[in-house]
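For what it's worth, the working numbering labels the leading residue of the sequence shown as 1227, then goes sequentially.
One structure below.
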Amino acid sequence: MTEKSRHIKLLSPELRNQIAAGEVVDRPAGALKELVENCLDAAAGHIVVTLENGGQSRICVQDDGCGIPAAELELAVTRHATSKIASMDDLERVSSYGFRGEALPSIASVSRFKITSAVHEADGLGTAHSVEVEHGRLVASGPAALHQGTVVEVRDLFANVPARLKFLKSPSTEFKRAQEWLARLALARTDVGFVLRAGEREVLRFTAGQTLRDRLALLWPALVVNALCPFDAQRHGIRVHGLAAPPHASQLRGDRIFLYVNGRPVADKGLSAAVREAYKGRLTSRDYPQTALFVEIDPREVDVNVHPAKSEVRFRDSSAVFSATLHALQSVAMPSVAVSDGLSADLPAQGAAVNAAPSRPQGFWGSIDNPPLLPRRESAKTQDAYLPSVDAPSFCEAVSETAAAYGLAAAEHRGETLAPRAEGAAPVAPPDETTAPQRGRPQVGSFCYLGQVADTYLVLRDAVGALLLVDQHAAHERVLYERAKQHVFSGKGRRLALPFNLPLHPAEKERLYEIGDRFKSLGFELECADAVLVVLSTPPTLSRAVAGEFLREALAGRKDDLASVFISLSCKGAVKAGQRLTDDEAAELVRQWLASPEKEYCPHGRPCVLRRDATDLEKLFKRRQ
Ligand code: ADP
Ligand code: MG
């Protein structure tokens, strides 16, 4: 430290503004956001934004709002000058976007800045005035020509702050970020019109009065927008509403989670966590929800003054907000596929069931009791040894039967024929009803199992004649996962006649200290000796091998919670895609799957079932719009 720097000095106002600017505006998008928020606070009905060179050369924001009186224009570009609050009390219930009085002076300290404003007067004539500031210094002030509203022009942003200039990305990237901010504000204020231009070129136009969906349709792909469902619910006095895509329409991109608190776009970890939680178990780890979500809450319950750019907030009761969000999203994030309702009820009791089911080899369905750790069937030979042989119709027969049942039934219902019938040929007798049990096909409750496709998907017909495709691996994973959860979490241990050892790495020892209690609550009794872990008791439903695998996975920290260990065990134990199943095995899997909770999704969040009813099929075949 030099002798000179030891003295404490007050920073010059320009330097103060430049430092503040670093927090408030870090790039053109930040400036745009502040300027557009000012327009909205001024009750503008139409806002036009023009960017040149990604906003670095010029940002121009024009509105038709209330304007600034000539006498106050210089004040507007002075630090801590605001018309929006006057007391701490006002701050507590602030409903405007701005309140810190920092944006204009900050931007003006790092650019060549001009603001022109006209206040609409009773006689219809506005008296316009403008002020120019260069790098924080007032350089001009005087009358100007403008009918009503305000125009702010920002030129050569950061030209006097090379350090900040260095951090800017390419003009197209900066433009994109600015566009994203404009869009985020535009979604919150569908009553206001917005136009965004890149130089002369119009890039976005939101007309006033569009719906949220209309606006999202200009930003997101049709695939997502068409799937969006509205939600709106109130809990703990907090209203949460908006549009969200159901789990099946989730996408690999995480940047379509738009969160708002009282109309203010925010980044909030708690809210994001609530959104993810709402979809938990219905999305794979790579998928993200797609939503524009609005929280409306008493302003006194939220502190908006915790971030210079006001893009973060703090809730007084964040768990109430979490729960309200979870509750509101439930209807969209947990849609029940029509398989769920009323079906478990008419399922046969465990083990009864399936017509003509021969006895199954032990261990196949009880595989969580003794799940194989290696893929169960590598070859046709081992498969034969493993599976019961049943005199079931072949796959081809099943398909042709299915085709016959569907094609004819559908055609007869409409009084059509699929193909001209040969003269004199006997008409094909229509089935009594689509839902009648089909002879020779296994019946599971009110479902008829029709066959397996691609050795992976089980084809079913439900009580109303809809077609169901069940992913056999995903469905079996769900079955095994639920069983593991149910048994293992019961917590009673089984003492092993022959304890076994697992090697213990020092890092694993650490983890054992951390999660040892949870192991205990699951029924494990463990002893730590030097570099080995002695397993004395295991949860009764886990075999030694599975218990060992379970402990290794958990201790290695490969999974961060025990549920994910169950998920991976279920995945390993489940019947694989590509495995041929006999009718009886398939029907039994279906029976167990139908009896499982949360059956629509596998524990990884992939869908287990696709359902297409007659109307869907008609649409797919373009029989109707
Ligand atoms: P804040 O928005 O926090 O009050 P700003 O520095 O952004 O601070 O703006 C300062 C003041 O200038 C505002 O309080 C408002 O009175 C006035 N102002 C800024 N932009 C506009 C605008 N587009 N229309 C009307 N008044 C504006
Ligand atoms: Mg402002």
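Built from N, CA and C at the ideal position, the CB exists for glycine as well.
Relative to the ligand ADP, the beta carbon of Gly1783 is positioned no closer than 7 Å to any heavy atom. When rounded, the separation of the alpha-carbon atoms in His1355 and Leu1301 is 13 Å.
Sorting Gly1774, Pro1729, Ser1763, His1699 by C-alpha distance to the C-alpha of Val1801 places His1699 at the top. Here Val1287 is near Leu1261, since their CB atoms are less than 8 Å apart. Taking 8 Å as the cut-off, the beta carbon of Gly1293 is found closer than this to the beta carbon of Val1345. With respect to the C-alpha of Gly1271, the residue from Glu1779, Leu1330, Val1421 having the closest C-alpha is Val1421.
When the Cα atoms are used, Thr1276 and Arg1431 turn out to be separated by approximately 12 Å. Between Ala1443 and Phe1484 a beta carbon distance of about 14 Å is seen, past the 8 Å cut, so the two are scored as non-contacting.
Residues Leu1815, Trp1819, Cys1834 of the same chain have their beta carbon placed closer than 7 Å to that of Ala1701, with the five preceding and five following residues left out of the count. Rounded to whole angstroms, the separation of the alpha carbons of Ser1545 and Cys1828 is 28 Å. With respect to the 8 Å criterion, Phe1384 and Val1336 are classified as neighbours on the basis of their beta carbons.
A direct Cα-Cα distance of roughly 11 Å separates Val1761 from Arg1720.
At least one heavy atom of the ligand MG lies less than 7 Å from the C-beta of Asn1264.
Taking one beta carbon from each stretch, the stretch 1456–1463 and the stretch 1494–1514 have fewer than 3 pairs nearer than 8 Å; the two do not touch. Contact between Val1670 and Ala1550 is ruled out by a C-beta separation of about 40 Å, above the 8 Å threshold. With respect to Ala1247, Ser1332 sits close: the two C-beta atoms are nearer than 8 Å.
DSSP places Gly1691 outside any beta strand (DSSP E), giving it a letter other than H or E. Around the beta carbon of Leu1454, a 10 Å sphere encloses 16 or more other beta carbons of the protein chains shown; the residue is thus reported as buried. For Phe1325, the Cβ falls inside the 7 Å cut-off from some heavy atom of the ligand ADP. The three-state reading of DSSP puts His1533 in coil, since its state is none of H, G, I, E or B. Relative to the Cα of Asp1289, the nearest Cα in the group Val1377, Pro1295, Glu1328, Tyr1707 belongs to Val1377.
The ligand ADP approaches Cys1292 closely enough that one of its heavy atoms is under 7 Å from the residue's Cβ. Following the DSSP letters along the chain, one finds Ala1366 inside the beta strand (DSSP E) bounded by residues 1363–1369.
Taking C-alpha positions only, Lys1495 is separated from Gly1666 by approximately 55 Å. Under the criterion of beta carbons closer than 8 Å, Val1380 and Ala1257 qualify as touching, at roughly 6 Å.
Here the alpha carbon of Arg1363 sits roughly 45 Å from the alpha carbon of Ile1464. Relative to the ligand MG, the nearest heavy atom lies less than 7 Å away from the CB of Glu1260. Taking a 10 Å sphere around the C-beta of His1830, we find 16 or more other C-beta atoms and assign the residue as buried. Remark: the shortest separation between the CB of Lys1310 and any heavy atom of the ligand ADP falls under 7 Å. Of the heavy atoms belonging to the ligand MG, none sits nearer than 7 Å to the Cβ of Ala1680.
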